[in-house]
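Data first, discussion second: the structure below is written as structure tokens.
Numbering (this note's numbering), first residue to last: 81 to 191.
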């Protein structure tokens, strides 16, 4: 993937995190450990289509400013491919230090 495309997907995910935090409604989907998981769609002019992004917020995350982590899964994954027990266990272990995590789907050919 070119540096420009990586930058575009990263920027897309950052916008998704911001939109999610501003627009999310109570009662979003939750994993068994309590984190909220929301799948949103973001229109990207950079990649020429709507892109799905899964955004995860730890139940222990404090209100207000929070760190964000954009997870670029690599080829063959998608916005939900890393949402497994190991991920949620690690997020829970971080407690209040857990970042908001965005998993953008870069498509079948992304790296």
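Beta carbons are placed, not taken as given, at the ideal position from N, Cα and C, and that holds for glycine. Please read these numbers as outputs of a predicted model, since none were measured by experiment.
Contact between residue 115 and residue 139 holds: CB atoms are separated by about 6 Å, below the 8 Å threshold. Residue state for residue 163 is assigned as coil, using DSSP reduced to three classes. In the assembly as shown, residue 147 is an exposed residue. Its beta-carbon has fewer than 16 other beta-carbons within 10 Å.
Here DSSP, grouped into helix, strand and coil, assigns residue 182 to strand.
Judged by their CB atoms, residue 133 and residue 117 are not nearer to each other than the 8 Å cut-off. Across the structure, residue 185 and residue 149 are spaced so that their CA atoms are roughly 14 Å apart. Inter-residue distance for residue 168 and residue 113 is about 7 Å (C-alpha atoms, whole angstroms).
Residues 178 of the same chain have their beta carbon placed closer than 6 Å to that of residue 141, with the five preceding and five following residues left out of the count. In the three-state DSSP reduction, residue 170 falls in the helix class (H, G or I).
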